[in-house]
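Remarks on the structure that follows.
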Amino acid sequence: TKESWDFVNKAIGEDGIYMANLAPSVIQQLLEFDMGVANFYYLLQDHQAEIEELFDIMHKCRLKEYEIFASKFPGDVIVSCENTSSTMISPAMYEKYSLPQLSDFVSIMHQSNKKAIFHMCGYLKNLLPVIKETGLDGFNALTPPPVGDTPFDYALDILGEDIIILGGCINSIVFLTKSPEEIKRHLEETFTPRIRNAHFLLSVPGDGRPVSLDRYMVVRDWIEENGKL
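According to the numbering used here, the sequence shown is numbered sequentially starting from -5.
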């Protein structure tokens, strides 16, 4: 409702924006939640026609959801929670099945003047050339090694300098266990001037564990000393 939207905007103020989150595209929904990886590929191998028909039926329902949400949501950014990873799907399979579905999501968002963001925090390096073809505006939680496999510079190389990178995490091992000097050194190595001048928002991990405020202050101080992020 408008009242809810106004309440959220007032609470956030000048500190950020609210991004709506939608369920993943059909292929990722089936892989991650409804079937699991093994069952997905066994069924696709043994009953391809029936499974591809299921893809189409489910995707048509998703399209209606996208259209309704894009037309009604008053904000500027909508996120599809994909969690895609090349450990689940090959580039060839991704191009065949996921690319058309994600391209439809982007197209519908753009028709309503929304930014189309994919939440993807897996192993994406080998999928990026295909993902680029969707026309997306950006990523949420794009993750470099050692947690993911996609350096931020590589994402800019493939997708261009205008891509939005939200919530790129620093190495949680460094952040949680290393000295302030090592944290700053890691930040310097990871967040090059190119990254700091991109459309980039840094995410600092907590991993669900209690974290000393001092560690966050180390990151804040480094940001203030090193300019735009």
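Glycine included, each C-beta is placed from N, C-alpha and C at the ideal position.
{"Query": "Leaving aside the five residues before and after LEU223 along the sequence, list all residues of the same chain whose C-beta is less than 6 Å from its C-beta, in chain order.", "Result": "At LEU223, the pLDDT of 48 sits below 50, so the modelled position is not reliable and the matter cannot be decided from this model."}
{"Query": "Let me make sure I understand the geometry here. Which of PRO94, PRO139 and ASP40 has the alpha-carbon closest to that of LYS54?", "Result": "PRO94"}
{"Query": "What first and last residue would you give for the alpha helix (DSSP H) that runs through VAL124?", "Result": "122 to 126"}
{"Query": "Between the region 130 to 138 and the region 155 to 162, do at least 3 Cβ pairs fall closer than 8 Å?", "Result": "yes"}
{"Query": "Can you grab the Cα-Cα spacing for the pair GLU61 / PHE99, in whole Å?", "Result": "9 Å"}
{"Query": "How is the beta strand (DSSP E) around PHE133 delimited, first residue to last?", "Result": "132 to 134"}
{"Query": "Who does LEU195 pair with in a DSSP beta bridge?", "Result": "LEU160"}
{"Query": "Measure the alpha-carbon distance for LEU38 versus GLY129 and round it to whole angstroms.", "Result": "27 Å"}
{"Query": "Could you give the distance in angstroms between the alpha-carbon of PHE146 and the alpha-carbon of ALA192?", "Result": "10 Å"}
{"Query": "Do THR81 and TYR117 come within 8 Å of each other at the CB atom, strictly closer than that value?", "Result": "yes"}
{"Query": "Grouping DSSP H, G and I as helix and E and B as strand, with all else coil, what is LEU223?", "Result": "Note on LEU223: pLDDT 48, under 50, position unreliable in the model; the coordinate value appears next. Three-state result, LEU223: coil."}
{"Query": "When you compare each of LYS90, ARG179 and GLY142 to GLU127 by their alpha carbons, which one comes out closest?", "Result": "LYS90"}
{"Query": "For a quick check, are the C-beta atoms of VAL124 and TYR148 less than 8 Å apart?", "Result": "no"}
{"Query": "Cα-Cα, which of LEU121, LEU96, TYR36 and LEU122 is closest to ALA110?", "Result": "LEU96"}
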